[in-house]
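Visitor: Provided herewith is a single structure, encoded as structure tokens, for subsequent inquiry.
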Amino acid sequence: MLHLNDFDLEGLAMALENHFMDYETFFWMDPATGKIELWSEEVADEAETEGWDVDDRGGIRIDPMESYEGYRDMEEFISGVADPHSRDRLVRAIDRSKPFRHFRDALTQFPEIQDQWYIFHDGLMKRRAIEWIQENGLVTLTEAEAALALLRTETKHA
């Protein structure tokens, strides 16, 4: 069994947020190494020539999180914004079409809040990455829970 420090949590977080893939192109993790790879038609052709595929290696497909989860993240963050003007501007941004783009655009008007968003978002995605690793049986529950507890204390002090 691997340990959390064997994984690229930032890379996994990026894969969990990537909605630009199709069914034939996806990220996957090698459970023996914790390494994240991109599976594509080109890689599939090379693998076929070499006589292997993702399933042979026990590869775990990394499906992206649902977009509603990202939307809820924005809502949760906005609810904690103290300044009413900034909070209202962000609420209006996510109530429009293309809420993710408008949220990012609105954040640029409030650099301090934008920094807070990145800290908040990075903490959430790190938590999701740790949970994904544990749910897929790649680390022990004890190690994952300890890392999540540490992450909660770190984000409270950020």
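My numbering numbers the first residue of the sequence shown as 1 and each following residue consecutively. Quick reminder that beta carbons are idealized off the backbone N, C-alpha and C, glycines included. Because the structure is a prediction, the values reported are computed rather than measured.
1) If VAL91 and MET1 are in contact, beta carbons under 8 Å, what's the gap, nearest whole angstrom?
2) Answer yes or no: do GLU17 and MET125 have a C-beta to C-beta separation smaller than 8 Å?
3) Taking just the CA atoms, how far does LEU9 sit from PRO84?
4) THR25 to PRO99, Cα distance in whole Å?
5) Check whether the Cβ atoms of ILE62 and PHE27 sit closer than 8 Å, and answer yes or no.
6) Could you check which residue in ASP55, GLU46, GLU154, SER67 has the C-alpha nearest to that of PHE20?
7) State yes or no: is the C-beta of VAL139 nearer than 7 Å to some heavy atom of the ligand HEM?
8) Output needed for ARG87: all residues of its chain with C-beta closer than 7 Å, excluding positions within five of it in sequence on either side, in chain order.
Guide: Here's the rundown:
1) That belief does not hold up - the Cβ atoms of VAL91 and MET1 are roughly 44 Å apart, past 8 Å.
2) Contact flag set, yes.
3) Near 34 Å, if we compare the C-alpha coordinates of LEU9 and PRO84.
4) Rounded to whole angstroms, THR25 to PRO99 spans 26 Å at the Cα level.
5) In contact: ILE62 and PHE27 (Cβ atoms closer than 8 Å).
6) Checked all of ASP55, GLU46, GLU154, SER67; the closest Cα to PHE20 is SER67.
7) Questions concerning the ligand HEM fall outside what the structure shown contains, since it holds no ligand whatsoever.
8) Annotation for ARG87: ILE78, VAL81 place their beta carbon closer than 7 Å to its own, counting only its chain and skipping 5 residues before and after.
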